[in-house]
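> Residue numbers (numbering that gives the first Met the number 0): 0 to 261. First the structure, then my questions, so here it is.
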Amino acid sequence: MRLTRRRKRRPDAFASQDWVRSVFDTLIAAFPLLSACKEKDLVKLARAVRHVERYSATDTKRGRPSRWPREDLVKVGSKIGEILGRETSGHISLATFVDHYLRILDFPSDVLESLSKGEVNLFEAEQLARVRWDRLNVAQDQAKRKRAEILSAHLRSRSSGERLRRRINELLATPRPGQIPSVPSSETIEECSDLEDFDPYDTTHLFWEEIKQLGFAFRNIKREDLTEELLNELFQASQPVWTVLTKIERRRHTLPQNTFIL
Numbered sequence: 000m001r002l003t004r005r006r007k008r009r010p011d012a013f014a015s016q017d018w019v020r021s022v023f024d025t026l027i028a029a030f031p032l033l034s035a036c037k038e039k040d041l042v043k044l045a046r047a048v049r050h051v052e053r054y055s056a057t058d059t060k061r062g063r064p065s066r067w068p069r070e071d072l073v074k075v076g077s078k079i080g081e082i083l084g085r086e087t088s089g090h091i092s093l094a095t096f097v098d099h100y101l102r103i104l105d106f107p108s109d110v111l112e113s114l115s116k117g118e119v120n121l122f123e124a125e126q127l128a129r130v131r132w133d134r135l136n137v138a139q140d141q142a143k144r145k146r147a148e149i150l151s152a153h154l155r156s157r158s159s160g161e162r163l164r165r166r167i168n169e170l171l172a173t174p175r176p177g178q179i180p181s182v183p184s185s186e187t188i189e190e191c192s193d194l195e196d197f198d199p200y201d202t203t204h205l206f207w208e209e210i211k212q213l214g215f216a217f218r219n220i221k222r223e224d225l226t227e228e229l230l231n232e233l234f235q236a237s238q239p240v241w242t243v244l245t246k247i248e249r250r251r252h253t254l255p256q257n258t259f260i261l
């Protein structure tokens, strides 16, 4: 069961537009040719880098080809990873930077203000930023008032980020007058999935990220890639993992019901 009460917030020195842009500035210093790119182009470049990291060379041949050669994207990705590792001591990965911190550049001014004040964390700010005038089919000032109402209620009730996400999901799922319900695109589904499983203050985030990467790696293994020696190594490596999983399963059965793990 997920927590529904608000946990203590920790300040995030990296959750700002200035810091995100400083990463781009450092990247441009390493690759001067990028100085001609606008900010929106740098965002697209970072997302292309993330795509290359997520999928193999074979998978990236599907759909529309990238604007940038794969080898260039790999170089840029390596540099971004180096910058993040140095500035955040490894706490923010390339995936987290692209999937979450880049969104800050598009946050409305009122959401940025709440984030800078520490009223909300990055996950909660992402949820509030989804309440846009074009998604509600209302004027921009009305969307801003709606965000203010939601934030006020959220702070008064001291609810969790998960509770906020659910409330906004319900709001956006309700068709506005004159609005025709639409089927979400695969891009929108992936975006929501990214938002749902992210909390920058959750120490298990890197664990789940590692699980995803392992899944991608196993998916790409073909029969001809394996030898008897490699199979034996995989079996030996999996034994400690199964030992830990067994401990987790036993612990789950010994915990009392409705116990929350912070």
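Idealized CB from N, CA, C, for every residue including glycine.
Determine the extent of the alpha helix (DSSP H) in which T226 is found, giving its start and end residues.
T226 -> no alpha helix (DSSP H), and no H or E assigned at all.
> Under 6 Å Cβ to Cβ from S65, same chain only, skipping five residues before and after it: list those, please.
The answer, listed in chain order, is A47.
> Since H90 is in the alpha helix (DSSP H), which residue starts that stretch and which ends it?
Neither: H90 is in no alpha helix (DSSP H) and is coded neither H nor E.
> Thinking C-alpha only, which one of R69, F96, D71 is nearest F23?
Checking every option, the nearest Cα to that of F23 belongs to F96.
> Alpha carbon to alpha carbon, how far is A152 from R85?
Looking at the two C-alpha atoms, the distance is approximately 38 Å.
> For S288, which of helix, strand or coil comes out of DSSP?
Within the shown structure, residues of the chain are numbered from 0 to 261, placing residue 288 beyond reach of any answer.
> Quick check on this structure: which residue in Q235, A236, D11, L170 has the alpha carbon closest to the alpha carbon of L121?
Out of Q235, A236, D11, L170, D11 has the C-alpha closest to the C-alpha of L121.
> Classify L158 as helix, strand or coil using the three-state DSSP reduction.
Looking at the sequence shown, residue 158 is not Leu but Ser. If DSSP states are grouped into helix, strand and coil, S158 belongs with the strands.
> Closer than 7 Å: is that where the CB of S151 sits relative to any heavy atom of the ligand GTP?
The ligand GTP is not part of this structure, which contains no ligands at all.
> On the DSSP letters alone, give me the boundaries of the alpha helix (DSSP H) that L41 sits inside.
Its alpha helix (DSSP H) spans residues 38-53.
> Quick one: what does DSSP say F96 is sitting in, helix, strand or coil?
Helix at F96.
> Using the Cα positions of A35 and L83, report the straight-line distance between them to the nearest angstrom.
Those two C-alpha atoms are separated by around 23 Å.
> On the premise that I91 lies in contact with F13, defined as a C-beta separation below 8 Å, what is that separation, rounded to the nearest angstrom?
6 Å between Cβ atoms; contact.
> Whole angstroms is fine: what's the gap from R166's alpha carbon to A147's?
Spanning the two alpha carbons is a distance of roughly 14 Å.
> Report all residues from its chain with a CB closer than 7 Å to the CB of S185; omit the five preceding and five following residues, and keep chain order.
Legend: pLDDT at S185 = 48, less than 50; position of this residue unreliable, value from coordinates given subsequently. The answer is none, since no qualifying residue turns up.
> May I ask you to report which of helix, strand or coil DSSP gives S108?
Of the three classes helix, strand and coil, the one that applies to S108 here is helix, per DSSP.
> For R222, is the classification buried or exposed, using 16 other Cβ atoms within 10 angstroms of its Cβ as the cut-off for buried?
The residue in question, R222, is exposed, as its Cβ has fewer than 16 Cβ neighbours within 10 Å.
> Assuming contact is defined by CB atoms lying nearer than 8 Å, are Q126 and W132 in contact in what I supplied?
Their beta carbons are not under 8 Å apart, which means Q126 does not touch W132 by this criterion.
> When the Cα atoms are used, what is the spatial distance from V42 to A216?
One C-alpha to the other measures close to 26 Å.
> Which one of A138, E123, A28, L233 has the shortest CA to CA distance from I79?
Considering only alpha carbons, the answer is A28.
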